[in-house]
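Inspection log for the structure reproduced underneath, given as structure tokens.
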Amino acid sequence: MAHAAERLVEVWRGDFCESVHHGHVAVWHADSGLIWGLGDVDGVILPRSSSKMIQALPLIESGAADAHGLTQEQLAISCASHQGAAVHTDLVTRWLADLNLSEADLRCGVQWPSDEAARDGMICAHCGPDQRHNNCSGKHSGFLTLTKHLKAGPEYVDPDHPVQQAVRAAWEDVTDETTPGYGIDGCSAPNFASSLKGFARAMAMYAAAVEGADARQTAMVRLRNAMMAHPHLVAGEGRSCTKLMRVMGNRAAIKTGAEAVFAAIIPERRIGIALKIADGTTRASEAAITQILGALGVIDPADPVALSYTTGPIRNWRKLETGRYRVTPALGDWRP
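Residue numbers (UniProt numbering): 1 to 336.
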């Protein structure tokens with residue numbers, strides 16, 4: 001029987017609880033299995049961009065990454081939802097050139113950058129974005145690298161394409177589930193579904209992976225290390241993934257996804273986390289993941305960056321404090 005979503009995060013304005021966010025949490029230990037859950041951990045989710053490190057597994061396991069001499073920075077941006085700053089688009093541009101390909105070979109679609117400097121520069125120059133500015137262009141550059149390595153056709157986002165079949169095989173293997181299907185993501189690639197606990201299990205596999213143990217574990221280590229070493233490439237300035245990973249150093253790799261999914265890989269604890277906020281609100285997923293990371297000891301709950309997500313304050317346009325966030329006892333009282 002499915003469990004109802006748990007009340008996790010509240011938004012208060014003065015003495016009034018103005019909004020409430022419910023959700024689901026799964027914390028998986030590589031040796032012990034599910035060590036904590038809230039809501040419906042068996043419920044099926046679309047992980048959206050929080051699964052990019054799994055979508056990048058075939059890039060390494062196939063030999064494509066090494067055959068094309070990919071750097072750690074390229075591996076990091078292959079797992080990214082970047083904001084289209086110059087540091088992101090310049091890297092993608094060089095990557096495509098190394099493949100003897102161009103922006104036209106991408107299939108992610110045109111998106112305005114969320115980076116203010118990049119966006120404002122385009123507006124002032126009376127020009128617009130292209131597919132390199134899409135937040136998923138790094139992932140798609142990885143798909144193109146694998147496509148070239150496999151000598152496959154150009155429509156690499158087709159669910160029946162060898163690239164997506166390799167992604168599906170990897171997804172089912174690391175979640176230990178047969179996927180019930182997929183949705184088409186904002187970048188046009190298939191996004192495979194699993195249970196929340198299956199996704200947490202996969203993140204725990206990344207956490208426990210040991211370089212040199214086998215090809216899969218080595219690939220997992222390379223991807224998680226790339227994310228931790230280059231948090232500015234995984235998201236960008238002002239974004240929660242970047243800010244939180246910087247504070248944690250090399251202690252955790254985290255990744256947000258659309259519709260308020262968040263995943264975390266914690267090597268020192270051999271733990272993976274997956275959570276989903278039922279109403280799709282990002283502020284709640286950021287509060288929840290930060291609270292859990294604090295409970296696991298990989299971020300100081302009193303750090304100003306952590307507090308900005310778990311408590312606020314919320315300010316208006318005059319910079320006056322108008323409200324706060326509160327994590328509920330169901331979420332806030334947990335200790336491993």
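Yeah, the Cβ is synthetic: ideal placement off N, Cα and C, and Gly gets one too.
Could you tell me which of the options sits nearest to residue i, measuring between CA atoms?
| i | options | result |
| --- | --- | --- |
| V9 | N134, A252, Q291 and D40 | Q291 |
| D185 | A209, R107 and A152 | R107 |
| I277 | I265, K52, V261 and P231 | V261 |
| F199 | M245, I45 and H22 | I45 |
| G280 | G153, V20 and A2 | V20 |
| G294 | L244, N250 and H24 | L244 |
| L101 | H3, R251 and P154 | P154 |
| A252 | Q74, A208 and H3 | A208 |
| T282 | K255, L320, E268 and I265 | K255 |
| A226 | G128, A4 and E73 | E73 |
| V305 | E177, T322 and V247 | V247 |
| L275 | G23, D120 and E18 | G23 |
| M228 | A215, P267, G238 and P190 | P267 |
| A284 | V110, T328 and G249 | T328 |
| A215 | R119, D66, T71 and T93 | D66 |
| G183 | D158, E177 and D176 | D158 |
Looking only at its chain, what residues have a beta carbon closer than 6 Å to the beta carbon of residue i, apart from the 5 residues adjacent to it on each side?
| i | result |
| --- | --- |
| G257 | P47, R48, S49 and S50 |
| S240 | E286 |
| V41 | A26, L196 and K197 |
| V163 | F143, L146, T147 and Y156 |
| Q217 | A209 and V210 |
| L52 | Correcting the residue identity first, residue 52 is Lys in this sequence and not Leu. The residues are C79 and K139. |
Taking the straight line between their C-alpha atoms, what separation do you get for residue i and residue j?
| i | j | result |
| --- | --- | --- |
| I273 | P336 | 13 Å |
| P58 | G14 | 50 Å |
| A64 | D300 | 39 Å |
| A26 | A213 | 26 Å |
| residue 356 | H68 | One cannot answer for residue 356 here, as it falls past the ends of the chain, which runs 1 to 336. |
| L99 | H140 | 13 Å |
| W112 | V234 | 17 Å |
| E61 | A302 | 40 Å |
| A330 | T145 | 44 Å |
| W95 | F16 | 51 Å |
| G297 | I271 | 12 Å |
| S78 | N135 | 10 Å |
| S188 | D105 | 14 Å |
| S137 | S114 | 14 Å |
| G236 | W317 | 23 Å |
| A288 | K151 | 43 Å |
| D160 | R269 | 37 Å |
| L205 | L320 | Position check: residue 205 holds Met in this sequence, whereas Leu was assumed. Cα to Cα, the separation comes out at about 44 Å. |
| A97 | A80 | 19 Å |
| S308 | T322 | 14 Å |
| T93 | G332 | 43 Å |
Is there a C-beta anywhere in chain D that falls below 7 Å from the one on residue i?
| i | result |
| --- | --- |
| A235 | Going by chain labels, chain D is absent from the structure shown, which holds only one protein chain. |
Can you give me the Cβ contacts of residue i inside the same chain, cut-off strictly under 8 Å, excluding the 5 residues immediately before and after it?
| i | result |
| --- | --- |
| residue 362 | For residue 362 there is no data in the structure shown, the boundaries of the chain being 1 and 336. |
| A117 | A85 and A86 |
| A2 | D40, D42 and G43 |
| A30 | A204, M205, A207, A208, R270, I271 and G272 |
| L91 | E73, Q74, I77, G138 and L233 |
Just to confirm the assignment, what range does the beta strand (DSSP E) spanning residue i have?
| i | result |
| --- | --- |
| K255 | A253 to G257 |
| I266 | V261 to I266 |
| W317 | First-last for W317: undefined, no H or E at that position. |
| P190 | P190 to F192 |
| G109 | Taken as a continuous stretch (DSSP letters only), G109 belongs to no beta strand (DSSP E), as it is neither H nor E. |
| W334 | Element bounds for W334: n/a, residue is neither H nor E. |
| L293 | L293 -> not in any beta strand (DSSP E); alpha helix (DSSP H) instead, spanning T282 to A295. |
| G33 | G33 to L38 |
Leaving aside the five residues before and after residue i along the sequence, list all residues of the same chain whose C-beta is less than 7 Å from its C-beta, in chain order.
| i | result |
| --- | --- |
| R324 | W12, T311, G312, P313 and I314 |
| G181 | A193 |
| M122 | G128 and P129 |
| R222 | I60 and L75 |
| A219 | L57, I60 and E61 |
In the DSSP assignment, find the unbroken alpha helix (DSSP H) run with residue i in it and report its ends.
| i | result |
| --- | --- |
| Y206 | L196 to A208 |
| W28 | Taken as a continuous stretch (DSSP letters only), W28 belongs to no alpha helix (DSSP H), being part of the beta strand (DSSP E) at F16 to H29. |
| T274 | For clarity, residue 274 is Ala in the given sequence; the question names Thr instead. First-last for A274: I271 to I277, but that is the beta strand (DSSP E), not the alpha helix (DSSP H). |
| V163 | P162 to T175 |
| Y309 | P304 to T310 |
| R222 | A215 to A229 |
| E116 | E116 to C124 |
Just checking my contact of residue i with residue j at CB under 8 Å: how many whole Å lie between their CB atoms?
| i | j | result |
| --- | --- | --- |
| G39 | E6 | 4 Å |
| A263 | M203 | 5 Å |
| R201 | W36 | At roughly 13 Å, the Cβ-Cβ gap does not stay under 8 Å, so R201 and W36 are not in contact. |
| T89 | H126 | With 8 Å as the limit, T89 and H126 do not qualify as a contact, their Cβ atoms being about 18 Å apart. |
| E103 | Q131 | 5 Å |
| I265 | V174 | Actually they do not touch by this definition, with Cβ atoms about 12 Å apart. |
Would you say the beta carbon of residue i is closer than 6 Å to some non-hydrogen atom of the ligand HEM?
| i | result |
| --- | --- |
| G69 | The ligand HEM is not part of the structure shown, which contains no ligands of any sort. |
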